[in-house]
Amino acid sequence: MSSIKKLPFHLTNTLTRKKEEFVPLNPPHVGLYVCGPTVYSDVHLGNVRSFTTFDVLYRWLMHIGYKVRYVRNITDVGHLVDDIDAGEDKIAKRARLEQLEPMEIVQKYTNGFHDVMRLFNLRNPSIEPTATAHLIEQIQMVERIIANGYAYEANGSVYFDVPKFAAKYNYGELSGRKIDELLSNTRDTEGQEEKRSPLDFAIWKKAEAMHLMKWPSPWGEGFPGWHLECSVMSTKYLGQTFDIHGGGMDLKFPHHECEIAQSIAADGTTPVRYWMHGNMLTVNGRKMAKSEGNGFTPEELLTGNHKLLERGYSAMTVRFFMLQSHYASTLDFSNAAMQASEKGLEKMLAAVATLDKLKGGSGDVSPEVAALEQACYDAMNDDMNTPIMIAHLFDGVRTINSANPASSAGQAGKLALSGADVERLKTLFNAMLFEVLGLRKEEEVVGNSEALDGVMQLMIAMRAEAKATKNFALSDKIRDQLVALGITIKDTKDGTVWEHA
RNA sequence: GGUCGCGUGGCCGAGUGGCUAGGCACAGCUCUGCAAAAGCUGCUACUGCGGUUCGAAUCCGCACGCGACCUCCA
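Numbered according to this note's numbering, the first sequence terminates at residue 532, and the numbering increases by one at each position without gaps.
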């Protein structure tokens, strides 16, 4: 039958700020690197949004036929807290607070991160490297950068020489910074006397005596710089130049800018061909962030136990909510928006259930169904436009419901779908909804045992008896009280069915 | 202060020059003992002021409002 056009895929390259056709370096293979979490505290919903964006990207690339190596790191060393704690490792600080070994903290929050990823149905990356497991490679990269003259040692630390690099290369290309402007905007450099320029950044940092996480190096005991691990691990597993690097918008500068500089300084190669940046999740217009204190954990989300939440929402509701906006737009969290998504997702999944029961008549795939299918692929291939794709699926929902003979509506069932149409729609909805968007049917909240279904069949039969004798008071009482228990009864043409509300 | 971006109907949120996005909410109708679900119909917006154009939410300028980054952050 009519074949769909699955390619080409276009994405917005934030390096060029243009939408470009995606052409892998070595098709059909694709190298994808995404900056993972720093495992020193719980991930919040804003983090989840970013990882979800790249989860869908990963899924989409595979769906359209690429073989993807997806690398997402775990940052378990190295980032500084703030001025007060200058020189002290973030993870070490937390360890002291909680009286735990640093690696215990790392393990704890890594486990927590994985739990969250499972909850939101994110696929595991191909490789999930940790910074602490790549210290040798990081030291080697520092050595290469020094050897090439773009870094210098000072008092046991090693700094990247930004002005020297910028003299020859385009430092600031990704984030649109200009070195003069950066210099004029520099804050006070207190405690940074070792740096030749305030723009220089540490690629190896000397550890103070009280520092808990430190390793020997040619420059003494210390730990790797903030941006080094991503350069090292992406190079190691994807090559000196690879296809796509993703991360949150807030990592663009300085993190990703420094990654580019490091790779060029160390190996002379531009590391990334396509940069992708996901936008922020906001709450009342402000970025959700640890420092803002406006984040909530997935656990709080599910239970609704947080001052921002009117009630709890399921992980799939949230996932659907996020995918109903474009990844490059900011997305504002609100209870009203969550409830709208909840209803929408229910409607979508109900249509999928209906679709499973449809038989369909004779005939070929209709042009309308073929067009719907193509529209979904086109939307996804246009910079991964999930909201448009979902809008098309909702058009499909109307088609499905209109073709449903079990519906009691007069006009329903009039729209004829062929058996081929039904099969095609099943394939499409399964692919888009579950495989690509990564949604899944919610597990039944209440234990859905055979016993419960038996009880329900009994209740339905008793209610049918009451209705048969026009005892509507009793039949309504049964239905209303079931509603109070979270069970909905629907009278359809094919009989009465029940479901969890 | 610098850089970048945003401002769409009751709410969320797509859309980059002309042709109804979609979801939620709301109203009417169909169906129905009543509901629920579903279908149909209605609600037709683009911060303000100029400009370009036959034509602008969409391009340009200015103003106002908001945000992100410039410091760890998805």
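Backbone N, C-alpha and C define an ideal beta-carbon position, used for all residues, glycine too.
Beta bridge counterpart(s) of residue i as assigned by DSSP
i	result
HIS308	GLY278
TRP529	ILE520
ARG103	VAL65
HIS41	GLU52, ASP413
THR328	THR328 pairs with nothing; no bridge assigned.
TRP235	VAL189, PRO255
PHE364	VAL314
ASN57	HIS60
SER449	GLY392
GLU184	VAL189
LYS98	HIS60
TRP246	GLY253
Beta-carbon spacing of residue i, residue j below 7 Å
i	j	result
ASP414	LYS37	no
ILE234	GLY256	yes
ILE421	GLN355	yes
PHE352	SER365	no
LYS226	TYR181	no
TYR200	ILE122	no
LEU489	ALA497	no
VAL108	THR163	yes
THR361	THR313	yes
MET264	HIS337	no
Residues near residue i in its chain [Cβ-Cβ closer than 6 Å; skip 5 each side]
i	result
ILE431	ALA382, THR385, LEU386
ASP211	none
ARG304	ASP274
ALA406	HIS423
GLU184	TRP250
ASP298	GLN271
SER81	GLY279, GLY309
VAL514	none
ASP522	none
ASN325	VAL314, MET319
LEU516	none
MET32	Reliability of the predicted coordinates at MET32 is poor, the pLDDT of 46 falling under 50, and no value is obtained from them.
ASP363	THR313
LEU259	GLN169, ILE234
Residue from the options with nearest C-alpha to residue i
i	options	result
PHE53	GLY62, LEU42, ILE518, PRO59	LEU42
ARG103	PRO160, GLN293, GLN138, ILE210	PRO160
ARG100	LEU150, PRO156, GLY326, SER433	PRO156
TYR344	PHE327, ILE509, ALA359	PHE327
GLY450	LEU464, ALA462, ASN435	ASN435
VAL467	LYS245, LEU505, PHE144, THR417	THR417
MET311	GLY77, ARG227, PRO58	GLY77
GLU530	MET379, SER228, ILE518	ILE518
SER248	GLY277, MET172, MET319	MET172
LYS390	ASN412, VAL428, THR348, LEU456	LEU456
SER11	LYS283, ALA447, TYR71, ALA367	Absent from the structure is residue 11, since the part of the chain shown begins at 32 and ends at 532.
TYR64	CYS261, VAL87, ILE176	CYS261
LYS388	PHE460, VAL453, PHE465	VAL453
VAL528	ALA495, GLN293, PHE465, LEU340	ALA495
ALA533	GLU224, HIS75, LEU230, SER215	The displayed coordinates of the chain run from 32 to 532. Any statement about residue 533 would go beyond what the structure contains.
VAL61	GLY67, GLY96, ASP511, LEU459	GLY96
GLY187	GLY277, VAL87, GLU252	GLU252
ALA462	ARG429, THR500, HIS94	HIS94
THR300	ILE176, HIS242, ILE509	ILE176
MET369	ASN502, ALA359, ALA346	ALA346
GLU585	CYS66, HIS75, PRO55	There is no way to answer for residue 585, as the model of the chain reaches only from 32 to 532.
8 Å contact criterion, which residue i and residue j should meet: CB distance rounded
i	j	result
ALA240	PHE254	Not confirmed; about 14 Å, so no contact.
ILE35	GLU399	14 Å between Cβ atoms; not a contact.
GLY469	ARG90	6 Å
VAL79	VAL147	6 Å
ASN534	PHE40	For the chain, the structure presents residues 32 to 532; residue 534 sits outside this window and is missing.
TYR71	ILE158	Not confirmed; about 22 Å, so no contact.
GLY193	SER228	It is worth fixing the name first, because residue 193 is Val in this sequence and not Gly. Between SER228 and VAL193 the Cβ distance is about 6 Å, and since that is below 8 Å, they are a contact.
Other residues of its chain near residue i: CB distance less than 7 Å, five sequence neighbours each side excluded
i	result
THR83	PHE151, LEU153, ARG350, MET353
SER206	LYS283, PHE284, GLU288
LYS472	LEU380
ASN44	GLU51, TYR305, TRP306
ALA543	Given a span of 32 to 532 for the chain in the structure shown, any question on residue 543 remains unanswerable.
HIS110	Note that HIS110 scores 46 on pLDDT, short of 50, meaning its location in the model is unreliable; the coordinates nonetheless yield the value given after this. Within the same chain, HIS110 has close Cβ partners THR69, LYS121, TRP257.
TYR408	ILE35, LYS36, LYS37
Same chain only: Cβ atoms within 8 Å of residue i, ignoring 5 sequence neighbours per side
i	result
LYS524	PRO436, ALA437, SER438, SER439
LEU46	GLU204, LEU205, VAL303, TYR305, TRP306
LEU92	PHE40, VAL61, LEU63, VAL99
MET493	ILE509
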